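Position 31, counted from 1, in the sequence shown is what numbering that gives the first Met the number 0 calls 30; the numbers after and before it change by one each time, with no gaps.
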Amino acid sequence: MDELRKVIKLRVKSLNDLARMAASVIALGQPTYIVRFRDSDKVIYGLLAVFRDYFNLHGIPLLYYYVDDSKSLEGNYIVIKNDEVGERVEVSKGVKPGYISIPIIDLVETPEFLT
């Protein structure tokens with residue numbers, strides 16, 4: 000059996016960046032979710048992806064992630080709406096009409112392949 004390849008981590012500047020990326024994937028019809036886990040005193044929000052067909056590799060595993068130093072974001076969804084007024088991103092306890100809703104999946108511990 001092949002060794003489990005660790006992911007390449009790409010830190011994004013804001014939660015809005017992560018939400019925007021997830022929303023673009025959802026808009027293409029791909030089911031998407033955000034994982035949330037603790038790493039020391041920080042909360043990490045992440046989106047797992049695969050960079051396909053990189054040279055002779057079948058894909059490179061990627062983790063786009065945002066670090067919440069304040070640990071103040073509570074909720075089960077990241078909701079995003081983009082219209083003529085602008086972009087609105089928030090963490091919500093539920094879905095909102097007119098918004099793209101991205102579920103947040105809480106992990107009990109950091110998976111080994113993410114360390």
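All residues carry an ideal CB built from backbone N, CA and C; glycine is no exception.
Small disclaimer: the values here were computed from a predicted structure and weren't measured.
Judged by their CB atoms, GLY85 and LEU62 are not nearer to each other than the 7 Å cut-off. The continuous alpha helix (DSSP H) containing VAL24 extends over residues 14-26. Check the Cα spacing between THR31 and each of ILE104, LEU72, PRO110: the tightest is with ILE104. Pairwise C-beta distances place the segment 68-78 in contact with the segment 86-98, as three or more of them are shorter than 8 Å. Taking C-beta separations shorter than 8 Å and ignoring five residues to either side along the sequence, the partners of LEU9 in its chain run LEU61, LEU62, TYR63, TYR64, following chain order. Counting only runs of 4 or more residues that sit fully inside the segment 38-87, no alpha helix (DSSP H) segment turns up. For PRO102, the enclosing beta strand (DSSP E) has its first and last residue at 99-105.
Separation of the CB atoms of ARG35 and VAL42 is rounded to 6 Å, and the pair is thereby assigned contact status at 8 Å. Judged by DSSP in its simplified three-state form, GLU89 adopts strand. Within the same chain, Cβ atoms closer than 8 Å to the Cβ of GLY97 are found at LYS80, the five residues on either side in sequence being excluded.
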